[in-house]
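Take 5 as the starting number for the sequence shown in our numbering and just add one per residue.
Presented below is the structure to which this report refers.
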Amino acid sequence: MIQKQQHSLLNKAEEACDLLRKHIESDHVVRIISHNDADGISAAGVMCNAIARQEGKFHVTIVPRLKDDVLAKILKEKYKLFVFCDMGSASLTPIGRLKGDVIIADHHQTIDSKAEPPENLVHVNPHLYGLDGTSDVSASGLSYLTVRPMDYKELAGLALVGAFGDMQCSNGIEGINKIILEDGTGAGTVEVRDDLKIAYKAQEPLYKALAYTFNPAIKEITGDEEGSRTFLEKLGISYGIKFTELANEEKDLLKEELIRINPNIFGSTYSIPQEIPQLRNIEDYSKLIDACGKNKKHGVGLSICIGDRDGSLKEADLLLKTYRDNIVQGIGWIKKEGSIVLRNIQYIYTADKKRKKVMGTLSSIGLELEILDPEKPVITLSRMDNIVKISGRTTKNLTEKGVNLGSALEDASKSFGGTGGGHNIAAGAVVPYRNMENFLNLVDDVVETQLKAS
Ligand code: C5P
Ligand code: C5P
Ligand code: C5P
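Here it is, written out as structure tokens:
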């Protein structure tokens, strides 16, 4: 059954590829609109790489969301082909008004069901075929499927960068992502091996690398340089050198002790062997691009993805350092402040500029470290003048019990003149600040209904 569904999605992507090819051959500039996170940026990257290899032209814009003003601008453009990556499925009606052809490569569950399927549009979304767009394929993967018939297996690694960015690979690679992985391993452009999943192994001193390992999170080490150093000192492991420089006995001891804290710390790691050292590990690559996205330097992230690295790598590296520091400080903040607990959810609020950028990430890490109660979904609220930006995160355990934050935030935000959506495990919304409290109470009720219904 799954295979049949996957086949249908691949067929749809082939149809999108035919359309893309037709426009490249006609020398049309391909208009790409994509999302501002690691997945969206790498999705645009995959598309641009393939178009460039076909000697085509593109024009990319990276946006946080497909808001009305963004759509209004795009609707005035005269391009012959528009490609929407990591967005678009929720806006089929306005997109259908575009004069040119359209490809949507989106993995979100919210699909504009009122829309008549427009003739000029090829819609590549796993949810249309009963496939899971939260864990089995990301937007960069859908971009890859769209250009897959052109046979650029060297892009498989970049296609997985987005999947890592969207946290799809924490418990192994499944579904469509696996098909992409096999393309890569078969061609030698992606390598998998069992190893410790420590971040920045060849870049940072070990105690920092451990403290900056967010995925998986390690209790009393992640986000805590002091804690990390103490842990290593107790074991007699040199903490000031890089992991790659440790003696084999030290590596073995470290592995044994880390597994005791979190067994997920050891497992498959994925790399792009042809890449420069800094980008070789796919998880590290996705963090670097995410740091660009979170700091609104999308051009820097996209340049890295398309191989234009003079200057961009250095800039991204600085952004990454700040981004990591924000997360580390944020973890300290959550440890101190905790969350405010309602009947079925818990929430954290901030108006702090730096913290706002990492609230979603902080809640995922907080849940994993159990600083926040994993039995209740976390809603984060970041005030921006008259509105609040919301991120929701929960656990697989709760989604299996019926929680769907995507639909909860979509429904609750609509009741207060806001917008929202996303996945069952991770979602977001925007609502007027004055409605914040009522919104939270409604989300609390909706989650209760979801839990009771299943
Ligand atoms: O915009 P988009 O769908 O791409 O973002 C997905 C979000 O869901 C990311 O922020 C990602 O980190 C989060 N996520 C998560 N846990 C999962 C899957 C996704 O926090 N298991
Ligand atoms: O959820 P969100 O998009 O904000 O996540 C942003 C980044 O944080 C992603 O690159 C994701 O891999 C990372 N992250 C992590 N560990 C977590 C939660 C998020 O590494 N537990
Ligand atoms: O912003 P954040 O990383 O928390 O978003 C998590 C998920 O919610 C993403 O998939 C994003 O596309 C979705 N989202 C949405 N509508 C919003 C905000 C976020 O569908 N207004």
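Every residue, glycine too, gets a C-beta built ideally from N, C-alpha and C.
Predicted model, so just to flag it, every value in this text is computed and none were measured.
>> ligand 3 and Arg69: does the residue's C-beta get closer than 7 Å to at least one heavy atom of that ligand?
In response: Position 65 of the sequence shown, counted from the start, is the residue given in the question as residue 69. Yes; taking the cut-off as 7 Å, the Cβ of Arg69 has a heavy atom of ligand 3 nearer than that.
> So, are the CB atoms of Ala213 and Tyr204 less than 8 Å apart?
Replying inline: As a first step, residue 213 must be located in the sequence shown, where it is residue number 209. As a first step, residue 204 must be located in the sequence shown, where it is residue number 200. It is a contact, given that the beta carbons lie within the stated cut-off.
> In chain order, which continuous runs of the beta strand (DSSP E) of length 3 or greater are located wholly inside the segment 95-171?
Replying inline: 105-109, 125-128
>> Would Ile99 and Val64 qualify as a contact pair, given that the criterion is a beta-carbon distance under 8 Å?
In response: Numbered from 1 along the sequence shown, position 95 holds the residue referred to as residue 99. Numbered from 1 along the sequence shown, position 60 holds the residue referred to as residue 64. Not closer than 8 Å, so no.
> For Ser275, does the three-state DSSP call read helix, strand or coil?
Replying inline: Translated into the one-based positions of the sequence shown, residue 275 becomes position 271. DSSP places Ser275 in strand when its eight states are reduced to three.
> Sorry if obvious, but does the Cβ on Thr217 come closer than 7 Å to a heavy atom of ligand 3?
Replying inline: Along the sequence shown, read from residue 1 onward, the residue named residue 217 stands at position 213. Result no, Cβ not under 7 Å from ligand 3.
>> Suppose you measure from the CA of Gly227 to the CA of Ala163; what does that come to, to the nearest Å?
In response: Along the sequence shown, read from residue 1 onward, the residue named residue 227 stands at position 223. Along the sequence shown, read from residue 1 onward, the residue named residue 163 stands at position 159. About 28 Å.
> Of the choices Gly406, Glu414, Lys298, whose alpha-carbon is the least far from that of Met363?
Replying inline: For the purposes of this step, residue 363 is identified with residue 359 of the sequence shown, where counting begins at 1. Met363 has its Cα closest to that of Lys298, out of Gly406, Glu414, Lys298.
> Could you give the distance in angstroms between the alpha-carbon of Glu224 and the alpha-carbon of Glu230?
Replying inline: If you number the sequence shown from 1, residue 224 lands on position 220. If you number the sequence shown from 1, residue 230 lands on position 226. Going by the C-alpha atoms only, they are around 9 Å apart.
> Where Glu81 and Val106 are concerned, what is the direct C-alpha to C-alpha distance, given to the nearest angstrom?
Replying inline: Locating residue 81 in the sequence shown gives position 77, counting from the first residue. Locating residue 106 in the sequence shown gives position 102, counting from the first residue. If I take the Cα positions, the gap works out to 13 Å.
> Taking the beta strand (DSSP E) that Ala433 falls in, what are its first and last residues?
Replying inline: Locating residue 433 in the sequence shown gives position 429, counting from the first residue. 430-436 is the extent of the beta strand (DSSP E) around Ala433.
> Apart from the five residues just before and just after Ala119, which ones in its own chain have a Cβ nearer than 7 Å to its Cβ?
Replying inline: The residue you call residue 119 lines up with position 115 of the sequence shown. Leu96, Thr97, Gly100.
>> Which residue marks the beginning of the alpha helix (DSSP H) containing Thr234, and which one marks its end?
In response: Within the sequence shown, residue 234 is the residue found at index 230, counting from 1. Going by DSSP, Thr234 is part of the alpha helix (DSSP H) stretching over 229-239.
> With burial defined as no fewer than 16 other Cβ atoms inside 10 Å of the residue's Cβ, what is the status of Ile263: buried or exposed?
Replying inline: Sequence index remark: in the sequence shown, residue 263 carries index 259 (1-based). Ile263 comes out exposed.
> Can you tell which of Ala206, Ile338, Gly179, Gly161 has the C-alpha that lies nearest to the C-alpha of Val194?
Replying inline: Mapped onto the sequence shown, residue 194 falls at position 190. Of the candidates Ala206, Ile338, Gly179, Gly161, the one whose C-alpha sits nearest the C-alpha of Val194 is Gly161.
> Can you name, in chain order, every residue of its own chain whose Cβ lies under 7 Å from the Cβ of Val33, other than the five neighbours on each side?
Replying inline: Translated into positions along the sequence shown, residue 33 becomes position 29. For Val33, the CB contacts under 7 Å within the same chain, skipping 5 residues up- and downstream, are Lys61, Phe62, His63, Tyr83 in chain order.
>> According to DSSP, simplified to helix, strand and coil, what is Phe247?
In response: If you number the sequence shown from 1, residue 247 lands on position 243. The answer is helix: DSSP assigns Phe247 an H, G or I state.
> Taking the C-alpha atoms as reference points, what is the distance between Lys16 and His27?
Replying inline: Against the sequence shown, residue 16 aligns to sequence position 12. Against the sequence shown, residue 27 aligns to sequence position 23. Roughly 17 Å between the two C-alpha positions.
>> Quick check: what's the CA-CA separation for Met388 versus Lys418?
In response: The count along the sequence shown starts at 1 and reaches residue 388 at position 384. The count along the sequence shown starts at 1 and reaches residue 418 at position 414. In a straight line, the C-alpha of Met388 is about 19 Å away from that of Lys418.
> Helix or strand or just coil, what does DSSP make of Tyr204?
Replying inline: For the purposes of this step, residue 204 is taken as residue 200 along the sequence shown, with counting starting at 1. If DSSP states are grouped into helix, strand and coil, Tyr204 belongs with coil.
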